[in-house]
Amino acid sequence: MLDSVRVRLTLWYTSVLTLVLIVLALITYFIFWRSTLQRTDANLSELCEAFLTTLDAEVKDQSGPDSLKLAGQVAINEHRFRDHVFAIFDDAGNIVVSSQDVPPVATVNGSSVSGPLSSPSFHLFLDASSRSDRLFGRVKGGKSGYRAFARRFLSSGKTYTLVILQSLHAQQEMLEEVTATFAWVIPIAIVLASVGGYFLARKSLAPVVAMSSQAGRIGASNLHERLAVQNERDELGHLAQSFNSLLDRLSQSFERQQRFMADASHELRTPVAILRGEAEVALSQQARSLQEYRESLEVLHQEAARLTHIVEDLFTLTRADAGQYPLQPGDFYLDELVGECVHSARTLALAKKISLHFEEAHESPIHADESLLRRMILNLLDNAIKYTPGAGRVTVTCNRVRDEYVVSITDTGGGIPAELQPRIFERFFRADKARSRAENDGGGAGLGLSISRWIAEAHHGRLELTRSDSTGSTFTAYLPTGPFPSPTGS
Ligand code: ADP
908 MLDSVRVRLT LWYTSVLTLV LIVLALITYF IFWRSTLQRT DANLSELCEA FLTTLDAEVK
968 DQSGPDSLKL AGQVAINEHR FRDHVFAIFD DAGNIVVSSQ DVPPVATVNG SSVSGPLSSP
1028 SFHLFLDASS RSDRLFGRVK GGKSGYRAFA RRFLSSGKTY TLVILQSLHA QQEMLEEVTA
1088 TFAWVIPIAI VLASVGGYFL ARKSLAPVVA MSSQAGRIGA SNLHERLAVQ NERDELGHLA
1148 QSFNSLLDRL SQSFERQQRF MADASHELRT PVAILRGEAE VALSQQARSL QEYRESLEVL
1208 HQEAARLTHI VEDLFTLTRA DAGQYPLQPG DFYLDELVGE CVHSARTLAL AKKISLHFEE
1268 AHESPIHADE SLLRRMILNL LDNAIKYTPG AGRVTVTCNR VRDEYVVSIT DTGGGIPAEL
1328 QPRIFERFFR ADKARSRAEN DGGGAGLGLS ISRWIAEAHH GRLELTRSDS TGSTFTAYLP
1388 TGPFPSPTGS
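What follows is the structure in structure tokens.
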């Protein structure tokens, strides 16, 4: 059950709400209690002043040693309310007069009242009152206790203390009522809020549930389907949009992968068909001369070499895509490497009567993967010779421009049609399919430029077709001269 976000949200929400309500109830209770106490104190203080005024007036009317006692009884009779206890003490702490001596309060149902004036807490309060003119305090007794106020006053040159006690029963009852109200209001509020919270969470999460079931239905066969975006400005809308763009990228990469597989199997089918055909012909004829067998074997060998070449290229690209082609960088001179490549291509050029030139370059030290750069330059040279008709010219240069080495291979071939130029670095793309295969000895699957571009990029450089028209083409590789940034295959 706790695995559901809805339930977890509701539990969190309910816990926080419960805490807030309890804190709120405690604060309310405290404020209520404090204001009740303040009101009681103000009331006691007022009552005390009124009592003393009456007492003062009555003392003047009385005479004799008991004048204060008599005046006190009159004042008590005048000011006594049900909940109040009055008492006057002399300086020695002896009681002069108190409302508990005055009938009918002193007895209830014929028995004497053991009132608050006899409680130990009252004596403590009385002791404390002798140290200050006015004192508020709490005295135990009765059901709920008393609020006590002591006020010292002078009468006939002597100091007395007037103590008034007010029962806290009514206040206590009020506070109990407040507590009882909280006791049923808070649980009802929590139950209502958690039920509402649960439905709210369910409603808010409904689009997520819908998205998840929709996403669960999307597979390889319906990768084109997208999640419905209800409100593109809210968080769930953003989530759906991000998921949709992830699906876009996935479907593009899936399509690329499918195209790659289809193209690869198509490219592999041709040499395999030639191999099978040639072998079948050689085997079907009973009496064949040695020369004929030799010719068949040569065809088989040529096609096997072509097959190996394609498989190797495919393997390189697959590993490069997966970021698993480990570069093995070392220190060497790029100009020397270019010179060696030109030298290797010389036989190929000679066979087509193409003049091959390498313009002498300055020393170009570089830290890179030598065998990969050799492969790139040979690919470009191979293409230049392959796509340049006989008696043409191929020129190779290697220069340093600021912090880059620039290797250019220019031929005098027929060029690449402008509309096809943006596509020549795509995998399996051939501008002129028939020609590129017919004239090719060991490749021509349209992978050479893709691999060459990847090699340049793996070295944090780039490979571009810088010019191509009817007078020929120039391919240029730009490689950083500086420290090789990271020796990874990505
Ligand atoms: P391929 O194995 O077919 O040569 P590449 O990837 O090396 O594959 O080249 C892709 C296509 O680009 C070639 O089929 C060809 O049509 C075109 N191309 C490459 N280099 C040249 C060039 N120097 N001159 C004219 N066309 C070229």
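Residue numbers (the numbering used here): 908 to 1397. Glycine is no exception: its CB is placed at the ideal position from the N, C-alpha and C atoms.
Exercise. For the 8 angstroms Cβ check, are there 3 or more pairs between the stretch 1352-1364 and the stretch 1325-1335?
Worked result: yes
For this session: Grab me the residues of Val1003's own chain with a C-beta within less than 7 angstroms of its C-beta, minus the 5 sequence neighbours each way, in chain order.
Result: Leu975, Lys976, Gly979, Ile995, Phe996, Asp997 and Tyr1067
Exercise. Ligand 1 heavy atoms versus the CB of Asp1155: any closer than 6 angstroms?
Worked result: no
Exercise. Using a Cβ-Cβ cut-off of 7 angstroms (strictly less than) and excluding sequence neighbours within five positions of Glu1371, which residues of its own chain qualify?
Worked result: Thr1383
Problem set entry | Cβ neighbours of Val1136 in the same chain (closer than 7 angstroms, five flanking residues each side left out) | Gly1144, Ala1147 and Gln1148
For this session: With a threshold of 6 angstroms, establish whether the CB of Asn1290 neighbours any heavy atom of ligand 1.
Result: yes
Exercise. Looking only at its own chain, which residues have a Cβ that is under 6 angstroms from the Cβ of Trp1361, when we skip the five neighbours before and after it?
Worked result: Ala1227
Problem set entry | Beta-carbon proximity of Ser1271 to Leu1234, cut-off 7 angstroms | no
Problem set entry | Local conformation of Ser1018 per DSSP, three classes | Bear in mind that the predicted position of Ser1018 carries a pLDDT of just 41, short of 50, making it unreliable; the figure below should be weighed with that in mind. Strand.
Problem set entry | C-alpha gap between Leu924 and Val992, whole angstroms | 45 angstroms
Exercise. Can we count Arg1183 as close to ligand 1, meaning its CB is less than 6 angstroms from some heavy atom?
Worked result: no
Problem set entry | Run of the beta strand (DSSP E) containing Val1179, from where it starts to where it stops | Looking at the DSSP string, Val1179 is not in any beta strand (DSSP E); the run it does join, the alpha helix (DSSP H), is Glu1142 to Ser1191.
Exercise. Closest by CA to Gln1007, which one among Arg1140, Val1070, Ile1323 and Leu926?
Worked result: Val1070
For this session: Leaving out five residues on either side along the sequence, give the residues of the same chain with a beta carbon under 7 angstroms from the beta carbon of Leu1263.
Result: Val1249, Ala1252, Arg1253, Ala1256 and Val1301
Exercise. Alpha carbon to alpha carbon, how far is Thr1373 from Phe1167?
Worked result: 27 angstroms
Problem set entry | Beta-carbon gap between His986 and Phe958 smaller than 7 angstroms | yes
For this session: Sort Tyr1053, Asp1034 and Val930 by Cα distance to Arg1045 and report the nearest one.
Result: Tyr1053
Problem set entry | Reduced DSSP category for Val1308 - H, G, I as helix; E, B as strand; rest coil | strand
Exercise. Where do the N-terminal and C-terminal ends of the alpha helix (DSSP H) with Lys967 fall, by residue?
Worked result: Val912 to Asp968
For this session: May I ask whether a heavy atom of ligand 3 can be found less than 6 angstroms away from the beta carbon of Arg1330?
Result: As far as ligands go, the structure on display features ligand 1 and does not contain ligand 3.
Exercise. How would you write the range of the beta strand (DSSP E) that Ile995 sits in, first residue to last?
Worked result: His991 to Phe996
Exercise. Less than 6 angstroms between the CB of Leu1356 and some heavy atom of ligand 1, yes or no?
Worked result: yes
Exercise. Does the separation of the CB atoms of Gly1389 and Asp1276 fall below 7 angstroms?
Worked result: no
Exercise. Taking the C-alpha atoms as reference points, what is the distance between Ala1057 and Ile938?
Worked result: 25 angstroms
Exercise. Hey, which unbroken runs of the beta strand (DSSP E) at 3 residues or more fall wholly within the stretch 1184-1253?
Worked result: 1237-1240
Exercise. To which residues does DSSP link Thr1317 through a beta bridge?
Worked result: Thr1302 and Thr1381
For this session: Note down, one range per segment and in chain order, each alpha helix (DSSP H) of at least 4 residues found wholly within the stretch 1070-1127.
Result: 1076-1124
For this session: Sort Glu1266, Tyr920, Arg1038 and Ala949 by Cα distance to Ser1101 and report the nearest one.
Result: Tyr920
For this session: Tell me, please, which residues DSSP counts as bridged to Phe1265.
Result: Val1303
Problem set entry | Cβ-based burial, Leu926 [other Cβ within 10 Å; buried from 16] | exposed
Exercise. Does the separation of the CB atoms of Gly1320 and Thr1304 fall below 7 angstroms?
Worked result: no
For this session: Inspect the CB distances between the stretch 1156-1175 and the stretch 1127-1141 and report whether three or more fall short of 8 angstroms.
Result: yes
Exercise. Below 8 angstroms, can you find three or more Cβ-Cβ pairs linking the stretch 1075-1089 to the stretch 935-951?
Worked result: yes
Exercise. Can the beta-carbon of Ser1315 be found closer than 7 angstroms to that of Thr1381?
Worked result: yes
Problem set entry | Proximal residues to Gln969 (C-beta, below 6 angstroms), its chain only, five neighbours per side dropped | Leu977 and Ala978
For this session: Report the rounded CA-to-CA distance for Thr1225 versus Ser922, giving the unit in angstroms.
Result: 55 angstroms
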